[in-house]
Amino acid sequence: MADERGFEPTPDPMSGEPEAAQRFDRYLDSLIAGGRPSPDDIGDRDEAEMARLAAEISAAADPDGGAPDPAFVDQLRLRMRAADDGIAAVRVPPPVRPGLGGISRVRISRRQLLAGSVIGAAGIAAGGLAASVLRPPDGQPRDPIWDDGSDLISGAGEWVEVATMADLPPGGAVRFSTTAFDGFVVNDGGEIRALSSVCTHMGCTLRFRQGWQDLRCPCHGASFDLKGQLANSRDRWREQGGYADDERAYPIELPDLIRPAVRVAEGRVLVWTAAST
Amino acid sequence: MADPDARPADQRGRFEEIYDEQVVAIYRFVHARVGNRPDAEDLTAQVFMRAIEQLDTSRDRGQIVSWLYRVSQNAIADYWRAFYRLPVIGTEQVAPGWEPMEPAPARERPGEDSAAVARVRRLLAQLPDRYARVLELRFLQRLSVAETAERMGISHGNAKILQYRALRKAALLGDDHG
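Respectively, the protein sequence lines represent chains A and B. Take the position in the first sequence, starting the count at 1, then add 8; the result is the number in my numbering. Take the position in the second sequence, starting the count at 1, then add 79; the result is the number in my numbering.
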């Protein structure tokens with residue numbers, strides 16, 4: 009190896025893998041050309057780190073100083089107007105639990121209304137926003153967040169306190185059990201969610217694995233991510249080149265975990281559960 | 080159940096106001112971290128489309144802005160996670176410094192572009208000269224490997240290797256991503 013230029017004598021990791029190196033070169037060239045590089049050209053985590061570095065450096069050299077194309081800005085404004093037209097406001101009934109209530113509005117898209125459920129997106133919004141809206145600037149308690157699911161709310165049910173925010177640092181989870189429902193509340197990078205602890209395969213009880221940030225089924229090894237979706241499916245296995253320290257992908261698709269509405273009020277985490285009769 | 084009249088008439092106006100005020104800053108924030116226009120446009124669109132469904136525009140300005148940055152940061156983290164051929168694990172393990180829940184540092188908000196440029200400068204300054212030089216030629220001046228090799232007076236193959244090593248070294252140093 010030509011060492012007079014100061015290269016270390018260690019063999020370059022790339023040199024053994026001409027194909028991988030070519031792929032990565034293609035990634036860099038496409039980045040420099042200003043195109044959309046393909047994730048398929050990234051082989052491993054090392055390359056991903058290098059790619060991110062290269063992306064950040066070349067962003068700093070953007071000919072437009074990183075400013076958006078005005079045509080894009082106009083087009084996105086139009087898309088948003090169209091989407092906004094599909095958003096309706098609905099009223100939800102007051103909660104069963106006294107002292108937290110009041111009628112307020114939630115914004116629900118028509119698509120979600122048609123689909124009959126807004127639990128998913130609204131749950132994220134409620135969890136994600138909670139921390140920032142708990143202490144309104146005027147110091148007065150604000151109406152609770154009602155970005156919650158129409159399905160569950162229209163039936164009889166109640167808000168049950170299952171944890172406090174102090175129990176739920178980022179990356180943490182708390183197991184809870186109400187008369188009607190068993191599950192976890194999780195803090196997924198600041199977003200609070202409630203997830204059923206029942207595996208959607210054969211109903212075994214899931215366990216939270218802190219290190220992998222998943223809910224794992226002890227029976228057949230299904231792993232659900234903190235959004236409640238199967239994390240070690242074959243598709244995601246292919247996408248990510250594996251899952252945790254598993255030897256193989258989970259062989260079948262499974263429905264998402266049930267996600268009850270959740271909200272945070274004054275540091276308390278409440279989950280909406282159906283009333284047990 | 081749907082009650083269209085319940086929606087304040089000025090909601091749309093308010094939303095567009097937020098959009099017009101924030102779209103350039105959000106785009107810059109995203110672009111500085113994904114490095115290409117098509118992906119920056121997609122992620123920016125994703126952030127605002129999510130905002131239109133989930134953001135309560137009656138919140139005060141500071142809360143809205145930090146919501147937008149938090150959602151952007153999550154979108155960027157998801158974007159890079161898709162590149163890692165690795166299991167999705169705790170974010171601190173996937174990418175140090177990419178804690179999506181942290182609000183965007185205040186310095187990134189106004190004049191985001193210059194903050195990004197400054198960050199890259201700082202990074203290059205920490206590298207050995209030859210490493211900084213090859214990264215500058217390749218990614219700031221956007222020269223081909225062949226042109227870079229010529230400028231540096233080294234062979235094509237060596238320019239490539241130098242570029243990999245420089246990127247790898249910079250990736251190890253790059254602990255102030257935000």
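Glycine included, every Cβ here is placed at the ideal spot set by N, Cα and C. Quick caveat: nothing in here was measured; it's all calculated off a predicted structure.
Taking the alpha helix (DSSP H) that residue i falls in, what are its first and last residues?
i	result
S151 of chain B	R140 to R160
E215 of chain B	Segment: none, E215 of chain B is in no alpha helix (DSSP H) and carries neither H nor E.
L61 of chain A	R53 to A68
R44 of chain A	No alpha helix (DSSP H) contains R44 of chain A, which DSSP labels as neither H nor E.
T227 of chain B	V224 to M231
E250 of chain B	The amino acid at residue 250 of chain B is misidentified as Glu; the sequence shows Ala. That run of the alpha helix (DSSP H) goes H235 to L252.
Give the single residue among the options whose Cα lies nearest to the Cα of residue i.
i	options	result
F108 of chain B	B:T227, B:R93 and B:N153	B:N153
H209 of chain A	A:E261, A:A181 and A:L203	A:E261
S137 of chain B	B:I97, B:R149 and B:F218	B:I97
S205 of chain A	A:P268, A:A91 and A:R31	A:P268
L61 of chain A	B:L202, B:L222 and B:R230	B:L202
R93 of chain B	A:R89, A:Q83, A:D33 and A:S38	A:R89
W280 of chain A	A:Q83, A:G165, A:G43 and A:G74	A:G165
W220 of chain A	A:A59, A:Q83, A:D253 and A:L84	A:D253
E55 of chain A	A:Q30, A:R244 and A:A75	A:Q30
L219 of chain B	A:R246, A:D37 and A:A28	A:D37
L84 of chain A	B:D139, B:E226, B:W146 and B:M128	B:M128
G51 of chain A	A:P263, A:G249, A:E255 and A:R256	A:G249
L206 of chain B	B:L122, B:Q133, B:L252 and B:I105	B:L252
G211 of chain A	A:R201, A:E247 and A:C227	A:C227
D99 of chain B	A:I200, A:P78, A:A28 and A:N240	A:P78
L122 of chain B	B:E95, B:E132 and B:Y158	B:Y158
E95 of chain B	A:R256, A:A91, A:R201 and A:E255	A:A91
R212 of chain B	B:E226, B:E132 and B:M231	B:M231
A119 of chain B	A:E27, A:A28 and A:P76	A:P76
C207 of chain A	A:Q218, A:R201, A:D222 and A:T172	A:D222
Can you check whether the CB of residue j is closer than 8 Å to the CB of residue i?
i	j	result
G236 of chain A	Y258 of chain A	no
L241 of chain B	R200 of chain B	no
F189 of chain A	L203 of chain A	no
R198 of chain B	I155 of chain B	no
V102 of chain B	V170 of chain A	no
L234 of chain A	V194 of chain A	yes
A250 of chain B	M58 of chain A	yes
R87 of chain A	A124 of chain B	yes
A228 of chain B	A238 of chain B	yes
S231 of chain A	R242 of chain A	no
I105 of chain B	L147 of chain B	yes
S151 of chain B	V126 of chain B	yes
Roughly how many angstroms lie between the CA atoms of residue i and residue j, to the nearest whole one?
i	j	result
A194 of chain B	D49 of chain A	29 Å
P258 of chain B	A68 of chain A	In the structure displayed, chain B extends from 80 to 257; residue 258 of chain B sits before or after that span and is not available.
L176 of chain A	V270 of chain A	13 Å
E215 of chain B	D72 of chain A	18 Å
V182 of chain A	L214 of chain A	12 Å
A282 of chain A	A130 of chain B	29 Å
L265 of chain A	V272 of chain A	21 Å
P178 of chain A	D196 of chain A	6 Å
V168 of chain A	G275 of chain A	14 Å
P45 of chain A	Q142 of chain B	34 Å
D70 of chain A	N115 of chain B	9 Å
H235 of chain B	L222 of chain B	13 Å
R247 of chain B	L39 of chain A	17 Å
G149 of chain B	P47 of chain A	Sequence check: residue 149 of chain B is Arg here, not Gly. Near 24 Å, if we compare the C-alpha coordinates of P47 of chain A and R149 of chain B.
G74 of chain A	W245 of chain A	34 Å
H110 of chain B	A174 of chain A	35 Å
P263 of chain A	R34 of chain A	37 Å
V224 of chain B	R217 of chain B	7 Å
A41 of chain A	A63 of chain A	12 Å
R140 of chain B	G198 of chain A	20 Å
S185 of chain A	L238 of chain A	22 Å
S66 of chain A	F32 of chain A	16 Å
E247 of chain A	N240 of chain A	10 Å
V255 of chain A	G180 of chain A	Per the sequence presented here, residue 255 of chain A reads as Glu, with Val not at that position. Cα to Cα, the separation comes out at about 26 Å.
R53 of chain A	A28 of chain A	13 Å
I200 of chain A	T187 of chain A	21 Å
T172 of chain A	E226 of chain B	59 Å
Y243 of chain B	Y251 of chain A	27 Å
Tell me where the beta strand (DSSP E) around residue i begins and ends.
i	result
R224 of chain A	D222 to R224
V270 of chain A	V270 to A273
F127 of chain B	Run containing F127 of chain B: none in the beta strand (DSSP E); it sits in the alpha helix (DSSP H), R116 to Q133.
G74 of chain A	No beta strand (DSSP E) holds G74 of chain A; DSSP gives it neither H nor E.
A171 of chain A	G165 to T172
T186 of chain A	No beta strand (DSSP E) contains T186 of chain A, which DSSP labels as neither H nor E.
T136 of chain B	Neither: T136 of chain B is in no beta strand (DSSP E) and is coded neither H nor E.
G282 of chain A	According to the sequence shown, residue 282 of chain A is Ala rather than Gly. R276 to A282 is the extent of the beta strand (DSSP E) around A282 of chain A.
> Of all the alpha helix (DSSP H) runs that stay within the bounds of the region 196-269 of chain A, which reach a length of 4 or more residues?
Replying inline: DSSP runs (the alpha helix (DSSP H)) wholly in the region 196-269 of chain A: 242-248.
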